[in-house]
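J.: Protein chains in written order, with this note's numbering: chain Y, 1 to 333; chain V, 1001 to 1333; chain G, 2001 to 2210; chain H, 3001 to 3210.
For every residue, glycine included, the Cβ atom is placed at its ideal position computed from N, Cα and C.
Remember, predicted model here, so these are calculated numbers, not experimental data.
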Amino acid sequence: MKKLINDPKSVVAESVQGFGLAHADLVAISEDPTYITRKDAPVNGKVGLVSGGGSGHEPLHAGYVGKGMLDAAVPGAVFTSPTPDQILPATLAVNSGAGVVHIVKNYTGDVLNFETAAELAEAEGVSVRTVLVNDDVAVEDSLYTAGRRGVGGTVLVEKIAGAAAERGDSLDGVASIGERVNANVRTMGVALSACTVPHAGQPSFDLADDEIEIGIGIHGEPGRHRIPLENADGITDRLLEPVLADLNIGSGDKVLLFVNGMGGTPQSELYIVYRRAVQVLKDKGATVERSLVGNYITALEMQGCSISVLRLDDELTELWDAPVHTAALRWGA
Amino acid sequence: MKKLINDPKSVVAESVQGFGLAHADLVAISEDPTYITRKDAPVNGKVGLVSGGGSGHEPLHAGYVGKGMLDAAVPGAVFTSPTPDQILPATLAVNSGAGVVHIVKNYTGDVLNFETAAELAEAEGVSVRTVLVNDDVAVEDSLYTAGRRGVGGTVLVEKIAGAAAERGDSLDGVASIGERVNANVRTMGVALSACTVPHAGQPSFDLADDEIEIGIGIHGEPGRHRIPLENADGITDRLLEPVLADLNIGSGDKVLLFVNGMGGTPQSELYIVYRRAVQVLKDKGATVERSLVGNYITALEMQGCSISVLRLDDELTELWDAPVHTAALRWGA
Amino acid sequence: MVLDAAWAVRWLNLCAEAMAEHRVELIELDRAIGDSDHGENMDRGFQAVVAKLGEGAPETPGAAMKLTAMTLMSKVGGAAGPLYGTAFLRAATSLGDSAEIDPGAWASALAAARDGIVARGKAEPGDKTMVDAWTPAVDAARAAADAGSSDALAVLVAAAEAAEAGAVATDPLVARKGRASYLGERSAGHRDPGAVSSALILRAAVGAAA
Amino acid sequence: MVLDAAWAVRWLNLCAEAMAEHRVELIELDRAIGDSDHGENMDRGFQAVVAKLGEGAPETPGAAMKLTAMTLMSKVGGAAGPLYGTAFLRAATSLGDSAEIDPGAWASALAAARDGIVARGKAEPGDKTMVDAWTPAVDAARAAADAGSSDALAVLVAAAEAAEAGAVATDPLVARKGRASYLGERSAGHRDPGAVSSALILRAAVGAAA
Ligand SMILES: Nc1ncnc2c1ncn2[C@@H]1O[C@H](COP(=O)(O)OP(=O)(O)O)[C@@H](O)[C@H]1O
Ligand SMILES: Nc1ncnc2c1ncn2[C@@H]1O[C@H](COP(=O)(O)OP(=O)(O)O)[C@@H](O)[C@H]1O
Ligand SMILES: [Mg+2]
Ligand SMILES: [Mg+2]
Ligand SMILES: [Mg+2]
Ligand SMILES: [Mg+2]
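1. Assign V:G1097 to buried or exposed, taking buried as 16 or more other Cβ atoms, counted over all protein chains shown, within 10 Å of its Cβ.
2. Whole angstroms is fine: what's the gap from Y:K2's alpha carbon to V:V1011's?
3. Taking Cβ-Cβ distances below 8 Å as the criterion, which residues of the segment 1305-1329 of chain V are in contact with chain Y?
4. What residues in the segment 1070-1091 of chain V bring their beta carbon closer than 9 Å to a beta carbon of chain H?
5. Assess contact between the segment 288-298 of chain Y and the segment 231-248 of chain Y, defined as three or more Cβ pairs (one per stretch) separated by less than 8 Å. Is contact present?
6. Using the beta carbon as the reference atom, which residues fall closer than 6 Å to any heavy atom of ligand 6, ordered along the chain?
7. Return yes when the Cβ of V:L1070 is within less than 8 Å of the Cβ of V:G1153, no when it is not.
8. Does the segment 113-131 of chain Y come within contact of the segment 221-235 of chain Y, defined as at least 3 CB pairs closer than 8 Å?
9. Leaving aside the five residues before and after V:S1170 along the sequence, list all residues of the same chain whose C-beta is less than 6 Å from its C-beta, in chain order.
10. Could you give the distance in angstroms between the alpha-carbon of Y:A200 and the alpha-carbon of G:S2036?
11. Using only the heavy atoms of ligand 4, determine whether one of them is closer than 7 Å to the beta carbon of V:T1080.
12. Please go through the same chain and pick out, in chain order, the residues whose beta-carbon is closer than 6 Å to the beta-carbon of Y:L60, but skip the five residues on each side of it.
13. Taking DSSP's pairing of strands, which residues face Y:W331 in a bridge?
14. Taking the C-alpha atoms as reference points, what is the distance between V:G1063 and G:V2118?
15. Could you tell me if V:K1282 is buried or exposed, where buried requires 16 or more neighbouring beta carbons within 10 angstroms of its beta carbon?
16. Going by DSSP, what residue range makes up the beta strand (DSSP E) through G:V2168?
17. Taking just the CA atoms, how far does G:D2030 sit from G:W2007?
18. Please identify the residue among H:A3152, H:A3147, H:G3126, H:A3158 whose C-alpha is closest to the C-alpha of H:A3140.
19. Please list the terminal residues of the continuous beta strand (DSSP E) segment that includes V:L1256.
20. In the DSSP assignment, what are the bridge partners of V:D1136?
21. Could you name the residues of the same chain whose beta carbon sits closer than 7 Å to that of H:K3169, not counting the 5 residues immediately before and after it, in chain order?
22. Classify Y:M188 as buried or exposed, calling it buried when 16 or more other Cβ atoms lie within 10 Å of its own Cβ.
23. Does any CB atom of chain Y fall closer than 8 Å to the CB of G:K2177?
24. Do you know whose CA, among V:W1320, V:V1259, V:L1300, V:L1310, lies nearest V:G1294's CA?
25. Quick one: which chain Y residues come within Cβ less than 7 Å of G:K2075?
26. Does Y:G52 come out as helix, strand or coil in the three-state DSSP assignment?
27. CB-CB under 7 Å to H:D3004, same chain, minus the five flanking residues each way: which ones, in chain order?
28. Do we get a CB-CB distance below 8 Å when we pair G:L2173 with the residues of chain Y?
29. Where does G:M2001 land, buried or exposed, given buried means 16+ other C-beta within 10 angstroms?
30. Over the uninterrupted beta strand (DSSP E) stretch that includes Y:P8, give me the two end residues.
31. Helix, strand or coil: which one does DSSP assign to V:A1175?
32. Against chain V, with Cβ distances strictly below 8 Å, would H:R3114 count as a contact?
33. Exposed or buried, Y:E241, counting other C-beta atoms within 10 Å across all chains shown (16 or more means buried)?
34. With a cut-off of 8 Å, does the C-beta of H:D3035 fall near any C-beta of chain V?
35. Using beta carbons (cut-off 8 Å, strictly below), is V:I1005 in contact with chain Y?
36. Between V:V1101 and V:T1037, is the Cβ-Cβ spacing less than 8 Å?
Below, the structure is given as structure tokens:
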């Protein structure tokens, strides 16, 4: 295992410290328990937005703390959801009295830990609503399973719900915007190589030189199936097809197209995938109104990408365009 | 070789097309010959800024085309400098009459091709000044060698010279600001793994599991020497030491600290390096006034990083802070 | 053999030893069908329990288990943290403040723990989770206690053996809960890491009484 | 054998064949001490030359070489593009519009080409660059021509052989120019890719005359 780290046990703490030093104009850091808040939190009268999850997905979530997006991010150990004793103080720290929305990716660990923290916060008199993100079409959704995972769509939920909070929407309003985004976004991912969790010291799975994993998540879990390496257009078609089918995208639809790198893929390759995805959407009669291309929700140094499509309406577009000023996403501010 | 590409021969063309589609609000694309211009080029009365070089360093240079930075970017084949028949029309396209500055990384190929293009442009009545970037302390600088390479400092030269052009500086003024940045910035890099040039199909060099290359450039060239893997703090010290020595950084100096990922390194690791670099600078009595942490000048999917330090003065700081709106760097606009 | 506070402390210390010893094995199991963190999480959690116990000895087995519940909840994270936290909390509640645990009370505590895991995680037997270790353990402990065994050790042993067999029996299952469920059919042929750590915990209970 | 326009066209086509055939070898040489693109660049450049030649046959050797210069300049990029572009341009100028090249004129054209490379690249013999193939080739061609050989083939052969020996002789050198110079001492023990492609070009000139 080759990494620019000092010790697997100090990866999260040291990287959060570095992040705090580099972005001291935007965020404040709590070291024990670990969480990151907007520097000006709590913002008077504004609904607070908290997200979190295992580390290793950077810039998610700390990179999205700031004006127009999250009020707090709560990083767990690498690929391990954080604990209530981190989530609770983060929630209290960003509550201005207007209540707090938890944006939670649908994994058993995240759900349970945020659930406990929400109960404890309610017990301290803070109203909490939870938006569960579950946009991954690679995973079967059923009552009898853990349900679909939260992946790329999380970034879009955080941005758009963040804009709703910033414009002054109520607690229920912010939560319902977040749910609307989640209901209209779907994602599918591919890995060309695995990632290595620092304390594990070995790649999360073994892929032959001519194989790729289709339907991977963001935790180095193996995907749904393994196929021989294909060219970029073929892979793009394969990822996009179930996404568009599940969303029933067709003629006249306006979408946001998000091509996300898993951490170890050059930007040039993401643009090659993006190019093909635009062609496919155009062929379906849909219009790409907004785009995002880059490493926004990653799995350490994994090579691969995910494609997310969000069906836009005027309000979602307006909220997407609203000013945002965070370490990883910035415009209009 | 595993890449999200269709064909090694179409990598640059398709990725530029995708880039153009994703950033149609910012840039216009010329496909043959290949170059990217600011959408509103030429900007009336403003000195034009053109940079370019081999592809594979994305977001450099296309990602820096836009308000407050470059007017045009000219991408060559992967790791191959572009030709005069690309550079010349790009130069003509962004000349508003105020002349054009070429920002050229110091490699034999870039220097020769830009030199020819500049001569041809002058022959067509366009005044051209060239700013040569050569910030890499890994390489010996002497009249009898090819001289130091242009690496991380290029991003800072492009941003700051871009701001000078945007505020209306003259041709000579913009060039001299660019030269001032170059004179005050030094960089050193490390690779944990090699990259694979698409048409070569094999990693550029072979590194054992417990080895790293110190003093690498951005083209997958092997570095100056190979050492056993060290921890992040040790590597940071090793990179920073010659940078600070060459710049003679000491008590009272104000600097911009730029920790750059080579493409395949997780952000969390870059922040661990950044954290240590801040400590070292603080110990020397220097103040980190501005920072940049992320993948800004890459070598495809190489794992590793470079550290650049720029000695700031009030004017450089002001120009760094000036509004910029490009695909990869954006603030204040 | 009496199952008192001293036994509980010995047990929890042995849990920590077991997690440290099997850390890599649990990471490897989780690597195959999950995200490679289970061994790291359990090791970190039980080291914290040991540290907590070092600050002052709990007076009853129930108090020891409550302290464990709170510590695991705040140090483990992931799915296992809240599930084990709830399990230890429910067991502690079931035991109340009695100074010693008799076989029937132990069987009831195990049942309460298992019910807590099910309440939070919604997994059924056969879903390839830690429930597949706990459910046979609960049944075996209950049967041994009902058979009138007044030998606490025998009840502990019955539970541990059943948990171990339950963990082994997860091998062919297709996961329907937890992270392994994302793999669908590909999850078959691997042992569930949480079932294995559950068996380690119940085996440590035997060691503490032996 | 006369070195006329037809010979020049044959020569340039053979150059393209040689670059295609040695593409991987040149990439490998550049991978060791450079950035893995030399074979790709030369192959792309000479394919473009062949395409250009297909649009209409040049009337003189000089015209063929000028067309080659412009094409390489606009299609190769990197260091090699401008260097070979200048080399062919200077050779074309040296040859003027004569319909046939005699041995002395060929030797002068090679010298002009080499001087062009040196003027642009500032490399000296021994710097481990293509100059180390061109300089012995120039000397050998001049010597053969001065020896009064009226046999053009003998002059071409002398140049090619000297270039090949010159390329081999770059093996132990430490690079002082071009990308290999960044490696310092580590560049020793590898052959310079540009010296090898130069030798291929001069060998193709022999093939076109044989
Ligand atoms: N819904 C559930 N019910 C019961 N146990 C579960 C459930 N989900 C996961 N588990 C258990 O948790 C274990 C994984 O724990 P761990 O790796 O620490 O958490 P994570 O899956 O969040 O990485 C699984 O092996 C399984 O036994
Ligand atoms: N200054 C120079 N003078 C002469 N030849 C040079 C010089 N610099 C580089 N070369 C030649 O160019 C070759 C490399 O060409 P190529 O790989 O196509 O370009 P790049 O180095 O830009 O990738 C070297 O092997 C060397 O022979
Ligand atoms: Mg986990
Ligand atoms: Mg090159
Ligand atoms: Mg796990
Ligand atoms: Mg090269």
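T.: In short:
1. One-based indexing of the second sequence puts residue 1097 of chain V at position 97. V:G1097 should be labelled exposed.
2. For the purposes of this step, residue 2 of chain Y is taken as the residue at position 2 of the first sequence. For the purposes of this step, residue 1011 of chain V is taken as the residue at position 11 of the second sequence. If you take the alpha carbons of Y:K2 and V:V1011, they lie about 28 Å apart.
3. Along the segment 1305-1329 of chain V, going in chain order, the ones with a CB nearer than 8 Å to a CB of chain Y are C1305.
4. Cβ contacts with chain H: G1076, A1077, V1078, F1079, T1080, S1081, P1082, T1083, P1084, D1085, Q1086.
5. In this structure the segment 288-298 of chain Y does not lie against the segment 231-248 of chain Y, because fewer than three pairs of beta carbons, one per stretch, are closer than 8 Å.
6. Taken from the N-terminal end onward, the list reads H:D3030, H:G3034, H:D3035, H:D3037, H:H3038, H:G3078, H:R3179.
7. Stepping through the second sequence from its first residue, residue 1153 of chain V is reached at position 153. Stepping through the second sequence from its first residue, residue 1070 of chain V is reached at position 70. No, the Cβ-Cβ distance between V:G1153 and V:L1070 is not below 8 Å.
8. Verdict: no, contact absent.
9. Numbered from its first residue, the second sequence carries residue 1170 of chain V at position 170. Beyond the five residues adjoining it in sequence on each side, V:S1170 comes within less than 6 Å, by CB distance, of no other residue in the same chain.
10. Within the first sequence, the letter at position 200 stands for residue 200 of chain Y. Within the third sequence, the letter at position 36 stands for residue 2036 of chain G. Whole-angstrom Cα-Cα distance: 6 Å.
11. Numbered from its first residue, the second sequence carries residue 1080 of chain V at position 80. In this structure, ligand 4 has a non-hydrogen atom nearer than 7 Å to the beta-carbon of V:T1080.
12. The sequence position of residue 60 of chain Y within the first sequence is 60, counting from 1. Setting aside the 5 residues that flank it on each side, Y:L60 is surrounded in the same chain by I297, each with a C-beta closer than 6 Å to its C-beta; the list follows chain order.
13. As a position in the first sequence, residue 331 of chain Y is number 331, starting the count at 1. Per DSSP, the beta bridge partners of Y:W331 are Y:V324.
14. What you label residue 1063 of chain V is simply residue 63 of the second sequence in a count that begins at 1. What you label residue 2118 of chain G is simply residue 118 of the third sequence in a count that begins at 1. For V:G1063 and G:V2118, the distance between alpha carbons rounds to 51 Å.
15. As a position in the second sequence, residue 1282 of chain V is number 282, starting the count at 1. With fewer than 16 Cβ atoms within 10 Å of its Cβ, V:K1282 is classed as exposed.
16. Residue numbering aside, residue 2168 of chain G sits at position 168 when the third sequence is read from its first letter. Going by DSSP, G:V2168 is part of no beta strand (DSSP E) but of the alpha helix (DSSP H) stretching over 2152-2168.
17. Along the third sequence, read from residue 1 onward, the residue named residue 2007 of chain G stands at position 7. Along the third sequence, read from residue 1 onward, the residue named residue 2030 of chain G stands at position 30. As the crow flies, the alpha-carbon of G:W2007 is around 30 Å from that of G:D2030.
18. Mapped onto the fourth sequence, residue 3140 of chain H falls at position 140. Looking at the Cα atoms, H:A3158 is the closest of the given residues.
19. Against the second sequence, residue 1256 of chain V aligns to sequence position 256. Start and end: 1254-1261.
20. By 1-based counting over the second sequence, the position of residue 1136 of chain V is 136. By DSSP's assignment, V:D1136 forms a beta bridge with V:T1187.
21. To locate residue 3169 of chain H, count along the fourth sequence from 1; it is residue 169. The sequence shown places Ala at residue 3169 of chain H, not Lys. So the list reads D3132, once near-sequence residues are dropped.
22. Here residue 188 of chain Y refers to the residue found at position 188 of the first sequence. Y:M188 comes out buried.
23. Within the third sequence, numbered from 1, the residue matching residue 2177 of chain G stands at position 177. Answer yes: the Cβ-Cβ gap between G:K2177 and chain Y drops below 8 Å somewhere.
24. Position 294 of the second sequence holds residue 1294 of chain V. The shortest C-alpha separation from V:G1294 is found at V:V1259.
25. Taking the first residue of the third sequence as 1, we reach residue 2075 of chain G at position 75. T83, listed in chain order.
26. To locate residue 52 of chain Y, count along the first sequence from 1; it is residue 52. In the structure shown, Y:G52 falls within a strand segment according to DSSP collapsed to helix, strand and coil.
27. Position 4 of the fourth sequence, counting from 1, holds the residue named residue 3004 of chain H. If we look at H:D3004 and ignore the five residues flanking it on each side, its Cβ neighbours are P3061, A3099, E3100.
28. Walking along the third sequence from the start, residue 2173 of chain G turns up at place 173. Not an interface residue.
29. Counting from one through the third sequence, the residue named residue 2001 of chain G turns up at place 1. G:M2001 counts as exposed, since fewer than 16 other beta carbons sit within 10 angstroms of its beta carbon.
30. Here residue 8 of chain Y corresponds to residue number 8 of the first sequence, with the count starting at 1. Secondary structure note for Y:P8: it is in no beta strand (DSSP E), with a DSSP letter that is neither H nor E.
31. Counting from one through the second sequence, the residue named residue 1175 of chain V turns up at place 175. Shown here, V:A1175 sits in a helix according to DSSP, grouped into three states.
32. The residue given as residue 3114 of chain H occupies position 114 in the fourth sequence. Chain V, which has no Cβ nearer than 8 Å to the Cβ of H:R3114, makes this no.
33. Reading the first sequence from its first residue, position 241 is the one you call residue 241 of chain Y. Burial is judged here by how many other beta carbons sit within 10 angstroms of a residue's own beta carbon; Y:E241 has fewer than 16 and is exposed.
34. Counting from one through the fourth sequence, the residue named residue 3035 of chain H turns up at place 35. Yes, because at least one Cβ of chain V sits closer than 8 Å to the Cβ of H:D3035.
35. Position 5 of the second sequence, counted from the first residue, corresponds to residue 1005 of chain V. Chain Y contact via Cβ: present.
36. To locate residue 1101 of chain V, count along the second sequence from 1; it is residue 101. To locate residue 1037 of chain V, count along the second sequence from 1; it is residue 37. Going by C-beta atoms, V:V1101 is not nearer than 8 Å to V:T1037.
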